[in-house]
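A.B. asks:
2 protein chains.
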Amino acid sequence: MRTVTIADVAKHAGVAVSTVSYVLSGKRAISATTRQRVLDSVRALGYHPNAGARALASKRANVIALVLPLRAGMNLPVLMQFATSVVTTARQYDHDVLLMTADEGPDGLHRVAASALVDGLLLMDVEIHDARVPLLRELVEPSVLIGFPADPAGLTCVDLDFARAGALCADHLADLGHRRIALLGAPSVVYERGTGFAERTLAGFTEAARRHGVEAWARPCEESFDEVHATVKVLLDEHPGLSGLVVHNEAAVGHVLAALRMLGRRVPGDMSVVAICPDDVAERASPALTSVLIPAEDVGRQAVRLLMAKLDGQAVPESTLLEPRLTVRDSTA
Amino acid sequence: MRTVTIADVAKHAGVAVSTVSYVLSGKRAISATTRQRVLDSVRALGYHPNAGARALASKRANVIALVLPLRAGMNLPVLMQFATSVVTTARQYDHDVLLMTADEGPDGLHRVAASALVDGLLLMDVEIHDARVPLLRELVEPSVLIGFPADPAGLTCVDLDFARAGALCADHLADLGHRRIALLGAPSVVYERGTGFAERTLAGFTEAARRHGVEAWARPCEESFDEVHATVKVLLDEHPGLSGLVVHNEAAVGHVLAALRMLGRRVPGDMSVVAICPDDVAERASPALTSVLIPAEDVGRQAVRLLMAKLDGQAVPESTLLEPRLTVRDSTA
DNA sequence: GCCGTTCGTCGAAGCGCTTCGAAGGGATTC
DNA sequence: GAATCCCTTCGAAGCGCTTCGACGAACGGC
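Residue numbers (numbering that gives the first Met the number 0), protein chains in the order written: chain X, 0 to 332; chain S, 0 to 332.
1) Does the structure place the region 128 to 147 of chain X close enough to the region 259 to 271 of chain X that three or more beta carbon pairs sit under 8 Å?
2) Would you verify that the beta carbon of Phe161/X is, or is not, closer than 8 Å to some beta carbon of chain S?
3) Roughly how far, in whole angstroms, is the beta-carbon of Val273/S from the beta-carbon of His171/S, given that I think they are within contact range, below 8 Å?
4) Going by CA-CA distance only, name the one from Thr230/S, Gly243/S, Met79/S, Leu288/S that's closest to Glu214/S.
5) Counting pairs of beta carbons, one from the region 115 to 122 of chain X and one from the region 40 to 52 of chain S, are three or more of them closer than 8 Å?
6) Is the Cβ of Ala52/S closer than 8 Å to any Cβ of chain X?
7) Give every residue of the same chain whose Cβ lies closer than 6 Å to the Cβ of Tyr92/X, excluding the five residues on either side of it in the sequence, and list them in chain order.
8) Would you tell me roughly how many angstroms separate the C-alpha atoms of Val8/X and Leu98/S, rounded to the nearest one?
9) Could you check if Thr88/S is buried or exposed, using at least 16 other CB atoms within 10 Å of its CB as the buried criterion?
10) Taking Val37/S as part of the alpha helix (DSSP H), name the residues at either end of that continuous run.
11) Helix, strand or coil: how does DSSP classify Gly243/X here?
12) Counting contacts by CB-CB distance shorter than 8 Å, is Ala302/S in contact with chain X?
13) Just to make sure I have the definition right: I need the residues of chain S whose C-beta is within less than 8 Å of the C-beta of Asn49/X. Which are they?
14) Looking at the structure shown, is Glu140/X part of a helix, part of a strand, or coil, going by DSSP?
15) Rounded to a whole number of angstroms, what is the C-alpha to C-alpha distance between Thr33/X and Arg27/X?
16) Would DSSP call Ile127/S helix, strand or coil?
17) In the DSSP output, what is Asp95/S paired with across the bridge?
18) Using a 10 Å radius around the Cβ and a threshold of 16 neighbouring Cβ atoms, would you call Glu322/X buried or exposed?
19) Identify, in the order they occur along the chain, each residue of the same chain with its Cβ nearer than 8 Å to the Cβ of Ala332/X, setting aside the five sequence neighbours on each side.
20) Who does Arg178/S pair with in a DSSP beta bridge?
21) Just checking, does the region 203 to 210 of chain S make contact with the region 155 to 166 of chain S on the three C-beta pairs under 8 Å criterion?
22) What residues from the region 310 to 330 of chain X come within 8 Å of chain S, judged by C-beta to C-beta, listed N to C?
23) Quick check: is the beta carbon of Pro267/S nearer than 8 Å to any beta carbon in chain X?
24) List the residues of chain S whose Cβ lies closer than 7 Å to the Cβ of Leu65/X, in chain order.
25) Report all residues from its chain with a CB closer than 7 Å to the CB of Ala310/S; omit the five preceding and five following residues, and keep chain order.
26) Check whether chain X comes within 8 Å of Leu144/S, counting only Cβ atoms and requiring the distance to be less than that.
27) Using a cut-off of 9 Å between C-beta atoms, extract the partners of Ser285/S located in chain X.
28) Should Val66/S be labelled buried (16 or more other beta-carbon atoms within 10 Å of its own) or exposed?
29) Below 7 Å between beta carbons is the criterion; list the residues of the region 124 to 143 of chain X that meet it against any residue of chain S, in chain order.
30) Within the continuous alpha helix (DSSP H) that includes Ile5/X, where are the two ends?
31) Give me the chain S residues within the contact set of Asp7/X, using Cβ-Cβ distance strictly less than 8 Å, ordered along the chain.
32) Going by CA-CA distance only, name the one from His254/X, Val85/X, Leu292/X that's closest to Leu305/X.
33) Report the three-state DSSP secondary structure of Val77/X (helix, strand or coil).
34) Just to confirm, is the Cβ distance from Thr83/X to Glu317/X under 8 Å?
35) Going along chain X, which residues have a C-beta under 7 Å from Val106/S?
36) Does any residue of chain X bring its CB to less than 8 Å from the CB of Asp93/S?
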């Protein structure tokens with residue numbers, strides 16, 4: 000059972016190899032009758048173009064690299080959603096996805112690009128000072144980053160507008176009349192790593208609170224129950240009258256609610272809580288949380304679109320910020 | 000800046016193209032001096048073989064497909080660890096990984112195989128009656144499954160030995176002197192989906208309990224706090240004297256501890272708890288949980304090894320069960 | 001009725017690599 | 001000194017596909 004080649008299809012349909020190719024690619028006009036005959040043969044023989052040959056001849060592999068930070072400590076559900084939407088969207092553009100881990104580093108990127116294994120790169124979780132960024136600038140292959148490095152000039156970056164997300168939360172609480180609010184953030188290591196999004200959320204939150212003339216504080220927080228409990232307690236003790244809490248730490252969301260319960264605070268009676276997290280997490284909590292969602296799917300889809308546009312030689316904006324959306328549920332009043 | 004080809008290297012080193020190829024592949028003896036000259040040229044020019052051309056000529060893409068169940072509801076951390084170890088291990092064998100989602104179905108597998116995009120397939124989360132299994136049997140390309148379909152004949156399957164895992168938990172509790180124990184399992188949908196691992200755990204647990212002459216019960220359980228709380232309550236109410244609990248539901252682990260706390264049971268004073276979950280989850284809980292870990296990394300590594308062996312034409316066992324390991328921590332006594 | 005077009009199709013030249021058979025040149029053997 | 005062998009290296013033939021230039025036929029304009 001030798002594999003079927005384009006020559007087999009051509010012979011079966013009684014046309015030239017090039018005609019088959021043109022039918023399949025649509026790059027030249029082919030008469031309806033011939034086209035149909037070819038397509039019938041393709042189906043009859045179960046023909047699938049050989050990816051290697053196609054890549055060699057056309058200089059396009061129809062594969063993009065997805066570089067994920069496959070280390071522990073990431074926000075897994077979001078990462079998963081993101082990966083899914085990247086794969087799905089890429090397939091819509093007739094591309095496949097090569098999975099790479101961030102720890103292959105710049106060399107790995109260089110390898111897949113130089114070997115023409117992939118046509119373009121999608122990097123997630125880019126850090127402020129990322130060793131891969133200089134390489135990306137030099138690469139002929141286009142790339143799209145999720146997240147922002149210190150200097151995004153010459154790159155294409157996509158991300159949720161975290162500053163707006165932080166601001167939205169503060170706005171919402173301020174609009175409800177809260178005058179003393181706090182943000183419970185990611186583990187401090189996240190801030191130190193300089194991924195950027197944590198700071199930007201905090202900045203947006205703080206600025207919005209200032210604009211509303213509302214007192215605001217913030218604290219990083221680890222993800223274990225005990226740490227969350229301690230952090231919540233400190234916030235309550237240090238800031239009497241605190242009545243609004245923004246949680247930007249998906250893993251801690253459940254613990255925060257439990258801690259508030261244990262400390263005798265009712266949600267939303269005594270304390271309004273807004274989370275920045277995926278919808279499913281917010282919905283599963285009790286009470287269901289008012290939340291700003293991280294639109295992982297949108298980010299993935301948008302990133303792939305931008306990459307495809309670049310592959311087509313189109314110009315794309317350097318920076319794309321996705322608008323956050325706040326959903327009011329039962330945890331704020 | 001045209002890309003460097005093997006011909007450029009050959010010219011630069013003053014040898015024939017084929018000589019360069021043989022130096023790089025090691026498939027024929029080349030004198031040390033020539034080899035060195037070629038390698039120097041490779042480095043000097045920054046040569047990277049073109050993947051498409053290589054695949055076309057050698058009929059090997061050096062890429063394997065990783066098919067992940069990228070739908071919600073999976074055990075994400077485990078999936079991630081698994082994916083990471085697959086990518087890392089594949090790289091050690093000089094292979095890359097093409098990421099696919101399960102929802103591409105059999106057609107997707109057929110496509111990547113027929114187009115020679117990949118040399119082999121790795122499927123995760125295979126179900127008892129999986130539509131892709133018949134296809135895999137017919138495919139020329141070798142494949143390895145994580146999980147077991149109803150009839151694994153003619154396939155290569157890897158998984159944690161869940162029956163042993165369930166048994167280990169029961170053994171441990173029985174050895175500690177507990178006479179009435181229960182298993183709190185996955186959401187019932189998991190059992191209904193027939194993924195197999197849930198049933199196998201339960202079977203191992205039940206059988207081991209019987210062997211020890213210990214009374215044992217089991218209940219599926221959803222992942223929300225309320226559901227977990229309700230399930231725990233039912234177990235306690237229906238089976239007075241229950242003193243050992245096995246939790247095979249990673250997402251519920253934290254809730255179970257909280258529920259026991261709320262219901263006035265001390266761990267391990269009143270109730271010993273064993274979890275079947277990744278180590279990090281067990282360690283993060285308080286008290287730290289005695290647990291049987293799901294060795295996701297081992298599974299990934301082993302799966303890739305088996306696939307590479309098959310690609311080399313070696314015979315491999317149809318079934319590989321990875322031995323579970325129980326770690327005693329602070330939740331059992 | 002002749003010429004310039006357009007349309008549909010074909011043939012052939014690569015794309016960059018692997019691999020097979022063979023050639024050149026010692027070294028070894030009788 | 002001719003015959004044989006082994007060790008290195010080379011040349012050329014593809015692998016299956018895309019794409020470019022060209023060609024024949026049908027067509028309309030004058």
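Backbone N, C-alpha and C define an ideal beta-carbon position, used for all residues, glycine too.
Keep in mind that this is a model prediction, so the values were computed, not measured.
C.D. replies: According to the structure data:
1) Taking 8 Å as the limit for Cβ pairs, the verdict is that the region 128 to 147 of chain X does not touch the region 259 to 271 of chain X.
2) Position 162 of the first sequence, counting from 1, holds the residue named residue 161/X. Judged by the 8 Å Cβ criterion, Phe161/X is not in contact with chain S.
3) Along the second sequence, one-based indexing puts residue 273/S at 274. Along the second sequence, one-based indexing puts residue 171/S at 172. Contact flag correct, Cβ pair sits at about 6 Å.
4) Against the second sequence, residue 214/S aligns to sequence position 215. Each of Thr230/S, Gly243/S, Met79/S, Leu288/S was checked against the Cα of Glu214/S, and the nearest Cα belongs to Gly243/S.
5) With a cut-off of 8 Å, the region 40 to 52 of chain S and the region 115 to 122 of chain X count as touching, because enough Cβ pairs lie within range.
6) Counted from its first residue, the second sequence places residue 52/S at position 53. It does; some Cβ of chain X falls within 8 Å.
7) For this step, residue 92/X is matched to residue 93 along the first sequence. Hits under 6 Å: Met307.
8) Mapped onto the first sequence, residue 8/X falls at position 9. Mapped onto the second sequence, residue 98/S falls at position 99. Between the alpha carbons of Val8/X and Leu98/S lies a gap of roughly 29 Å.
9) In the second sequence, counting from the first residue as 1, residue 88/S sits at position 89. Flag for Thr88/S reads buried.
10) Counted from its first residue, the second sequence places residue 37/S at position 38. Following the DSSP letters along the chain, one finds Val37/S inside the alpha helix (DSSP H) bounded by residues 31 to 44.
11) Taking the first residue of the first sequence as position 1, residue 243/X is located at position 244. Under the three-state reduction of DSSP, Gly243/X is assigned to strand.
12) Working through the second sequence from its first residue, we reach residue 302/S at position 303. So no, Ala302/S is outside the interface.
13) Numbered from 1 along the first sequence, position 50 holds the residue referred to as residue 49/X. The answer, in chain order, is Leu55, Ser114, Ala115.
14) One-based indexing of the first sequence puts residue 140/X at position 141. For Glu140/X, the three-state secondary structure derived from DSSP is coil.
15) Position 34 of the first sequence, counting from 1, holds the residue named residue 33/X. Position 28 of the first sequence, counting from 1, holds the residue named residue 27/X. Straight-line spacing of the CA atoms in Thr33/X and Arg27/X works out to 13 Å.
16) Residue numbering aside, residue 127/S sits at position 128 when the second sequence is read from its first letter. DSSP places Ile127/S in coil when its eight states are reduced to three.
17) Sequence index remark: in the second sequence, residue 95/S carries index 96 (1-based). Bridge partners of Asp95/S: Val62/S.
18) Along the first sequence, one-based indexing puts residue 322/X at 323. Of the other Cβ atoms in all chains shown, fewer than 16 fall within 10 Å of the Cβ of Glu322/X; this residue is therefore exposed.
19) Within the first sequence, residue 332/X is the residue found at index 333, counting from 1. Result list for Ala332/X: Leu175, Pro267, Gly268, Ser271, in chain order.
20) One-based indexing of the second sequence puts residue 178/S at position 179. Paired residues: none, contrary to the question.
21) The region 203 to 210 of chain S, when compared against the region 155 to 166 of chain S, does touch it at the 8 Å Cβ threshold.
22) Sequence-ordered contacts of the region 310 to 330 of chain X with chain S are nonexistent [C-beta pairs closer than 8 Å].
23) Along the second sequence, read from residue 1 onward, the residue named residue 267/S stands at position 268. With 8 Å as the cut-off, Pro267/S does not count as an interface residue toward chain X.
24) Taking the first sequence and counting its residues from 1, the one referred to as residue 65/X is at position 66. Correct list: Leu98.
25) Taking the first residue of the second sequence as position 1, residue 310/S is located at position 311. For the record, residue 310/S in the displayed sequence is Leu; it is not Ala. Here the set comprises Asp118, Gly119, Pro141.
26) Counted from its first residue, the second sequence places residue 144/S at position 145. No - not a single Cβ of chain X is within 8 Å of the one on Leu144/S.
27) On the second sequence, residue 285/S is found 286 positions in, with the first residue counted as 1. Per Cβ cutoff of 9 Å: Ser223, Phe224, Asp225.
28) For the purposes of this step, residue 66/S is taken as the residue at position 67 of the second sequence. In this structure Val66/S is buried. Its beta-carbon is surrounded by 16 or more other beta-carbon atoms within 10 angstroms.
29) Result list empty, no residue passes.
30) As a position in the first sequence, residue 5/X is number 6, starting the count at 1. Annotation: the continuous alpha helix (DSSP H) that includes Ile5/X extends over 5 to 12.
31) Taking the first residue of the first sequence as 1, we reach residue 7/X at position 8. Residues of chain S passing the Cβ test: none, with the nearest at roughly 13 Å.
32) Taking the first sequence and counting its residues from 1, the one referred to as residue 305/X is at position 306. Of the listed residues, the one whose Cα sits closest to Leu305/X is Val85/X.
33) The residue given as residue 77/X occupies position 78 in the first sequence. Residue state, collapsed to three classes: helix.
34) Along the first sequence, read from residue 1 onward, the residue named residue 83/X stands at position 84. Along the first sequence, read from residue 1 onward, the residue named residue 317/X stands at position 318. Cβ distance not < 8 Å, so Thr83/X and Glu317/X don't count as in contact.
35) Against the second sequence, residue 106/S aligns to sequence position 107. Correcting the residue identity first, residue 106/S is Asp in this sequence and not Val. The contacting residues do not exist; Asp106/S stays about 11 Å from chain X at best.
36) As a first step, residue 93/S must be located in the second sequence, where it is residue number 94. By this cut-off, Asp93/S is not an interface position.
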